[in-house]
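Numbering (the working numbering), first residue to last: 897 to 993.
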């Protein structure tokens, strides 16, 4: 029998995995595992994704607490907000090589 606390954790984990389970969102996260604090324009150049789509995904993941935003002048820098997620992504990448 599962406890309500475990059910909450499982639900949150499932929501997190659902949020990142998209090829472009995964590419964004993988780029951020290699270099933290990347601007939107740098990500766009690296990933070759439409700016509107990239901005939408960045906003979505930042709103869910997956990404951290930092504004410096006119630029917004993104990084992965959760160290555990960053480590997990690194492990997933290593398993695919």
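Glycine is no exception: its CB is placed at the ideal position from the N, C-alpha and C atoms.
None of these values were measured; they are calculated from a predicted model.
CB of residue i within 9 Å of CB of residue j, strictly
i           : j           : result
residue 985 : residue 975 : no
residue 949 : residue 920 : yes
residue 945 : residue 972 : no
Coil, strand or helix - residue i by DSSP
i           : result
residue 916 : helix
residue 934 : strand
residue 924 : helix
residue 951 : helix
residue 972 : strand
Where residue i falls, given that 16 or more other Cβ within 10 Å makes a residue buried
i           : result
residue 954 : buried
residue 913 : exposed
residue 939 : buried
For residue j and residue i, believed in contact at Cβ under 8 Å, the rounded distance
i           : j           : result
residue 934 : residue 928 : 6 Å
residue 899 : residue 957 : Not really, about 29 Å apart at Cβ, beyond 8 Å.
Proximity winner among the options, relative to residue i (alpha-carbon distances)
i           : options            : result
residue 982 : 946, 922, 971      : 922
residue 961 : 968, 977, 904      : 977
residue 966 : 902, 932, 917      : 932
residue 990 : 968, 947, 970, 930 : 930
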